[in-house]
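The block underneath contains the structure these notes are about, expressed in structure tokens.
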Amino acid sequence: MERIAFIGFGEVGQTVSKGLLAGQRVEIRAFDLLFDAGKLKDRAAELGVGVARDHADAVRGADMVFLAVTAGSSMEAARSCLPGLSAGQLFLDINSVSPRRKQETAALVAPTGARYVDVAVMTPIAPYAHKAPILCGGPGAREWLARAQSLGMNVEIVSEEVGPAAAIKMFRSIMVKGFEGLMLECMLAASEYGVEDRIVAALKESYPGVDWQYFSGYWIERVLTHGKRRAEEMREVAATVRACGLEPLMSAATAERHDWLARLGVKLSEKTQDRDQLVAAIRAALGKGPRRQKAA
């Protein structure tokens, strides 16, 4: 039986835990700074996940440790795990951070004897759970590949080094999070003139292989739901681009747009991916009235 620890029990921790516990011989413990609030701790209990007292308590004795926190807190969280780490463990850094941050974290973990793995999830986690496509690299990658595959996970090694897997994730995010920020800005501005449907139709005409009607709502919902976390990730992306000798103009702007929506504090009565409802809620948070009647 694999003993697994999750540091951070947000969307990734919950979704992967649920998938693994459904059909594998695993034992999972977790720690999250928000456990004290109660609701997240209750969710762990519902899934059959043990609740640890702190970082070190969660990782002590685990075979695999998943570090799945926000980009801004990954180093601090890794440092808090050190007292509980020991030789023979796999330390799986699944955070969306720069290659340099991953390399710094690997150096931090190395003296404990735990083997570091640079892990990059390449799709939204929810549709796939533990079977989401994952790229990895680093000193523990080959060992983890075999064990992960035995658990039904979809893992590919891209390098023996720490960094390339993270770089692929970072550069993909320039496009994915960029699309999200562009759609948000486009649809909000278009709502001033009631021409959202016209914009979607024009995009469909130019790029017929994309379901623009669906993505015009889906991308906005993703920013609304995960804007703060995505902004942190995009700042890591910007740092990665800057380290390549290129000014990260687009990455930095994407971070600002995601952060802007996170700070706005939009309230929804229920989760939705309906574009018109999302735009209306954002307009309300901005103090704007109903958008202009849709153009014919």
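Numbering (the numbering used here), first residue to last: 12 to 307.
Here a beta-carbon is modelled for each residue, glycine too, at the ideal position from N, C-alpha and C.
In this text the structure is predicted, and so the values were computed from the model without any measurement.
If you draw a straight line from the alpha carbon of residue i to that of residue j, how long is it in whole angstroms?
| i | j | result |
| --- | --- | --- |
| I15 | L78 | 11 Å |
| A159 | D208 | 44 Å |
| V132 | S109 | 14 Å |
| E230 | V120 | The sequence shown places Trp at residue 230, not Glu. Looking at the two C-alpha atoms, the distance is approximately 36 Å. |
| L32 | L58 | 8 Å |
| A177 | P150 | 14 Å |
| L199 | G298 | 13 Å |
| K50 | D65 | 17 Å |
| V187 | D285 | 19 Å |
| M86 | D270 | 21 Å |
| Q114 | S262 | 21 Å |
| L275 | A296 | 7 Å |
| A117 | G220 | 41 Å |
| R126 | V252 | 27 Å |
| G19 | R294 | 33 Å |
| S97 | S91 | 14 Å |
| R268 | L257 | 20 Å |
Leaving out five residues before and five after residue i in sequence, what residues of the same chain have Cβ atoms less than 7 Å from its Cβ?
| i | result |
| --- | --- |
| K215 | W223 |
| Q304 | G205 |
| F46 | K52 and V62 |
| S217 | none |
So, helix, strand or coil for residue i, using DSSP?
| i | result |
| --- | --- |
| P144 | strand |
| V128 | strand |
| I15 | strand |
| M86 | helix |
| I105 | coil |
| R241 | helix |
| F77 | strand |
| R36 | coil |
| I168 | strand |
| F190 | helix |
| A212 | helix |
| G61 | strand |
| F6 | Here the chain covers residues 12 to 307 and nothing more, so residue 6 does not appear. |
| Y225 | helix |
| D47 | helix |
| L257 | coil |
| A118 | helix |
| K278 | coil |
| S91 | helix |
Could you name the residues of the same chain whose beta carbon sits closer than 8 Å to that of residue i, not counting the 5 residues immediately before and after it, in chain order?
| i | result |
| --- | --- |
| S309 | What is shown of the chain runs 12 to 307, which leaves residue 309 out entirely. |
| A180 | The sequence as given places Lys at residue 180; Ala does not occur at that position. These residues qualify, in order along the chain: S107, A131, V132, M133 and L146. |
| T236 | K282 |
Cα-Cα, which of the options is closest to residue i?
| i | options | result |
| --- | --- | --- |
| S170 | E196, V128 and H141 | V128 |
| P122 | G99, K239, D270 and Q288 | G99 |
| A137 | A249, S262, L272 and S28 | S28 |
| R183 | K282, K142, A212 and R241 | R241 |
| R112 | G174, R64, P144 and V187 | G174 |
| T265 | T283, E196, T236 and L257 | E196 |
| E38 | K278, R286 and L162 | L162 |
| G228 | V211, S217, L44 and E243 | V211 |
| M194 | K278, D287, W155 and E247 | D287 |
| M75 | D104, L289, R302 and A140 | D104 |
| L44 | S97, Q25 and G21 | G21 |
| G192 | G238, G148 and Y225 | G238 |
| M164 | L272, G148, K278 and A143 | A143 |
Who are the Cβ neighbours of residue i in its own chain at under 6 Å, not counting the five residues just before and after it?
| i | result |
| --- | --- |
| A152 | V128 and I168 |
| G95 | A67, V70 and R71 |
| Q35 | L162 |
Quiz item: Would you call the region 64-74 and the region 187-207 in contact, with 3 or more CB pairs under 8 Å?
Solution: No: the two stretches stay apart, fewer than three of their Cβ pairs being nearer than 8 Å.
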